[in-house]
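Step one of this worksheet: look at the structure below.
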Amino acid sequence: MASISKPRTNADGSVSVTAEIRIKNGGQIVHKESKTIKKPSEREARRLAERWAGSREDQLSVPGALASLLHPVVRNDITVAELIDQYIEVAYPFKPWGKSKSDTLRLIRNSDFGTNIARLVNASDIIGHCRAWSMRSSPQTSLQHYIFIRGVFSVAEDLLGCPVQYSEVDKAHRTMVKLGIIGKSAGRERRPTVEEMTDMVSLAHDRRKAQAMKGHRSKDRSDLIPMDKIMVFAIFSGRRQAEITRMRRSETDFERRRVLIREMKHPTKKASNDVWVIIPERAWNVMLSMPVIPGKEDYWFPYFSRSLGDRFRVYLKESGHYTPDDDENFRFHDMRHECASWLFEQNGYKGQVWDVPRVAAVTGHQDWGSLQRYTQISGVDPYDKWEDWEWTTKVLENF
């Protein structure tokens, strides 16, 4: 029996509807699958979702179709690419994951490694694939490839009916760790300076003011994004780039100064990790200063996440603070680090209390230990690095 979810409005104004099929046998669910349709209107999205559900139910009603899906014939020549396809089809409906994992699985599938016969894959094959990615990118990227290969192979026999040599996966891991082919990223200690933020925010503010004086006749619509407000909001809220664009007015607790962040990034929870976070006063004031955009009234910052990153890099270069050294370069995510460090530095300053639970309530960290990588305290005595920064209030003005 198929069910259609309630429509969800996306940041770009489109509407998503999910159709889900569940098949029961003896009162137990023996199979389920879903498909999300994204279209400009609810009516169109629902129509296509219902069409897919009806078509898929017809396919599954064919004698033997469900049985072959639940008890597939074991093939000895199945490739890694085919195994990944089966893994996505069977595992994703039960435990959905994010775009990053989907993209990496696609890269593995389309690589030379994907042409290997799955049951014959050995440690050397896995090492060869990860070594190539380590040389092309980094040990951290290779680690992601290994983790997802291990995930597919760990359920290959029991869930997908494909025998593999899982011991070879563990063997590859031991060798790659010894050789440094895979590795975790080192903690980043980069914090933006007041000078960097001042130069970039002032440049964005001047650009926004100039566009307002022109009556918004710019052909480059990205210039209309109030990056001065967004950068100040980011540094005082600790919100990630994508989270900023998903924040809704209807999901804001005005009394307790909180906002619900949908699908917050989490190392293990890949779906439905919705978290209420506190918005510090300076970020709250910026948020309230955002004008309502017609057609996207419910969103505080109704822009594409990628557009924020693009404009941030433009202002980084135009302000003269860009450097080709990636470790030294200022990244948008560094403002999240800055927020956590700034809050901890104020603990005890003028009677303020910013201990771990309170800072975690702002950043959204559910594992307090992971907050350590976001905090680089400057100095011993409590102080407010941004106390006299004029742009805290200057960006509040609208033109």
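All residue numbers for the sequence shown refer to my numbering, where the first residue is 14 and numbers rise by one. We put the beta carbon where it would ideally sit given N, CA and C, even for glycine. These figures come from a predicted structure and were not determined experimentally.
For residue i, collect the residues of the same chain with a Cβ closer than 6 Å to its Cβ; drop the 5 residues on either side in sequence, then sort them by chain order.
i	result
T31	S18, S47, T49
E181	N135, A136
P176	R132, E170
T265	V272
CA-CA distance, residue i and residue j?
i	j	result
V272	Y316	17 Å
I42	E57	29 Å
E170	P337	46 Å
V165	Y100	6 Å
S16	E256	29 Å
R59	K309	21 Å
F325	I91	45 Å
G361	E268	25 Å
L409	I243	11 Å
S124	H158	11 Å
F314	S29	19 Å
R119	R262	36 Å
E34	Q72	First, the amino acid is wrong: residue 34 is Ile here, not Glu. Cα to Cα, the separation comes out at about 12 Å.
A80	V103	14 Å
S27	C143	38 Å
Is it buried or exposed for residue i, if we count other Cβ within 10 angstroms and need 16 for buried?
i	result
T406	exposed
A225	exposed
F357	buried
V393	exposed
F345	buried
I195	buried
D241	buried
T206	exposed
R64	exposed
G377	buried
I160	exposed
Apart from the five residues on each side of it in sequence, which residues of its chain come closer than 8 Å, Cβ to Cβ, to residue i?
i	result
S231	Residue placement at S231 is flagged as unreliable, the pLDDT there being 49, under the threshold of 50; the coordinate-derived value follows with that caveat. Once the five neighbours on either side are set aside, the close Cβ partners of S231 are Q224, L237.
K398	V207, W355, E358, S391
V288	L273, I274, M277, G377, Q379
M303	P239, K242, W313, F314
Give every residue of the same chain whose Cβ lies closer than 7 Å to the Cβ of residue i, excluding the five residues on either side of it in the sequence, and list them in chain order.
i	result
V366	N360
D380	none
R270	I291, I292, W297
V372	A353, L356, F357, L384
E209	H334, F343
If you follow the alpha helix (DSSP H) that residue i is in, where does it begin and where does it stop?
i	result
T258	254 to 259
R79	Just to set this straight, residue 79 is Leu in the shown sequence, not Arg. Residues 78 to 83.
Q8	This structure cannot speak to residue 8, because the chain is shown only from 14 to 412.
S124	Here S124 belongs to no alpha helix (DSSP H), and DSSP marks it neither H nor E.
Span of the beta strand (DSSP E) holding residue i?
i	result
W289	288 to 291
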